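K.L.:
50 is the number of the first residue of the sequence shown in our numbering; add one for each residue after it. For every residue, glycine included, the Cβ atom is placed at its ideal position computed from N, Cα and C. Please read these numbers as outputs of a predicted model, since none were measured by experiment.
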Amino acid sequence: MRKIILSAVLLCGSIFSQAQTVKPLQIGNIVTLHSAFLREDRDINIWLPAGYQPDSISYPVIYLLDGGMQEDFHHISGLVQFLTMTNQLPASIVVGICNKDRKHDFTFPTTNAKDKKAYPTTGGSAPFISFLQQELIPYIKQHYAVSTQRTVVGQSLGGLLATEILTRTPDMFNNYVIVSPSLWWDDESLLKKVTPAISNYKGQPLRICISVGKEGKVMEEDARNLYQTIQAAGNNRITVGFTPLEAENHLTILHNAAYKSLSWLADSTHATK
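(1) Flag this pair as yes or no: are the beta carbons of I111 and V129 separated by less than 8 Å?
(2) How long is the line joining the alpha carbons of F122 and G116, rounded to whole angstroms?
(3) Using the Cα positions of F86 and A272, report the straight-line distance between them to the nearest angstrom.
(4) Using a threshold of 8 Å, state whether the C-beta atoms of F291 and E213 are closer than that.
(5) Is R286 helix, strand or coil when you go by DSSP?
(6) On the CB-based measure, 16 or more other CB atoms within 10 Å of its CB, does P219 come out buried or exposed?
(7) With DSSP collapsed to three states, give me the class of Q198.
(8) Out of curiosity, what's the CA-to-CA distance linking S312 and N298?
(9) Would R286 pass as a contact of K251 if the rule is Cβ separation under 8 Å?
(10) Per DSSP, what kind of secondary structure is P245 in: helix, strand or coil?
(11) Going by beta carbon distance, what residues of the same chain come within less than 6 Å of D90, once the five residues before and after it are set aside?
(12) Return the first residue and the last residue of the beta strand (DSSP E) that V110 is part of.
(13) Do A282 and S248 have their C-beta atoms within less than 8 Å of each other?
(14) Taking just the CA atoms, how far does D92 sit from I257?
(15) Taking the alpha-carbon positions, what's the W234 to G173 distance?
(16) Assuming L314 contacts T200 under a Cβ cut-off of 8 Å, what Cβ separation, rounded to an integer in Å, is found between them?
(17) Taking just the CA atoms, how far does W96 sit from I79?
(18) Could you check if N136 is buried or exposed, using at least 16 other CB atoms within 10 Å of its CB as the buried criterion?
(19) Counting only runs that start and end within the stretch 108 to 175, where is the beta strand (DSSP E) found for 3 or more residues in a row?
(20) What would DSSP say about W233, mapped onto helix, strand or coil?
(21) Can you tell me which of I189, V143, N284 and L255 puts its alpha carbon nearest to the alpha carbon of P245?
(22) Using three-state DSSP, classify R88 as helix, strand or coil.
(23) Taking the alpha helix (DSSP H) that N11 falls in, what are its first and last residues?
(24) For V80, which of helix, strand or coil comes out of DSSP?
(25) If I'm right that F155 touches G207 with Cβ under 8 Å, what's the distance once you round it to whole angstroms?
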């Protein structure tokens with residue numbers, strides 16, 4: 050009897066092993082662009098929504114600054130897929146920009162000696178912003194069925210860069226998801242540029258969602274000051290929201306903040322007047 054049972058088990062195992070098929074699991078595409086501004090090649094991860102129909106639908110695009118597979122592309126594209134599936138977000142394309150040196154790309158030059166010592170490669174945000182505006186966004190527009198709606202998602206130094214874009218070329222994006230921005234950079238000099246940049250802004254309507262967790266007095270106060278500064282400007286072309294997430298820290302905040310921010314941005318009650 051034992052031999053019969055053992056033979057049956059081995060036979061079943063053999064059948065199951067023969068029936069297995071292993072295929073690659075693909076969640077998106079990788080495009081390598083050569084940038085004249087960055088003077089290097091840069092990998093771009095692209096996630097397309099289920100049922101992508103380029104001939105009949107134009108899709109909003111979400112640009113993710115820390116967009117490598119070992120960074121935030123995987124979980125943010127999954128989050129967008131979930132929000133779309135549950136009708137909380139229009140079907141969207143996610144474009145993840147892979148980093149090579151985020152401390153260089155996401156920071157403008159600083160006069161602070163401690164910043165320079167901690168970030169010796171600092172100061173490359175200007176060419177990176179030009180790369181986004183003049184190379185990446187046009188490439189996506191040319192090769193994919195996109196609408197005019199563009200969102201940028203940035204955390205920490207990425208949040209600093211998103212804020213810099215807001216002060217330099219605010220209508221590069223319609224929507225800004227700014228999470229735990231490193232506004233302490235260069236002795237908080239960027240905060241001083243916000244009011245002049247947006248007070249007389251007359252471009253397309255903008256929506257800005259700022260989030261911060263339990264991340265220390267400086268980062269928490271800077272994020273709140275950014276929100277209050279934008280709100281105090283009183284520009285009716287700009288809608289701003291603030292989401293404190295006290296249960297989160299600097300390492301855990303992004304997923305929850307992105308979930309709440311993207312949901313907030315998709316809610317028509319927060320549309321600009």
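P.N.:
A quick look at the data gives this:
(1) It is a contact, given that the beta carbons lie within the stated cut-off.
(2) 5 Å
(3) Using only the alpha carbons, I get a separation of about 30 Å.
(4) no
(5) coil
(6) P219 is buried by the Cβ-count criterion.
(7) Strand at Q198.
(8) In this model, S312 and N298 are separated by some 21 Å (Cα to Cα).
(9) Yes, the pair counts as a contact, with Cβ atoms nearer than the cut-off.
(10) Looking at P245 - three-state DSSP - the assignment turns out to be helix.
(11) T81 and H83
(12) Bounds of the beta strand (DSSP E) holding V110 are Y108 to L113.
(13) yes
(14) Distance between the alpha carbons of I257 and D92 is about 27 Å.
(15) 14 Å
(16) Cβ atoms of L314 and T200 come within 8 Å of each other, at about 7 Å.
(17) 9 Å
(18) exposed
(19) 108 to 113 and 142 to 146, all fully within the stretch 108 to 175.
(20) coil
(21) N284
(22) coil
(23) As shown, the chain starts at 50 and ends at 322. That puts residue 11 outside it, with no answer to give.
(24) strand
(25) Rounded to the nearest angstrom, the Cβ distance from F155 to G207 is 6 Å, consistent with a contact under 8 Å.
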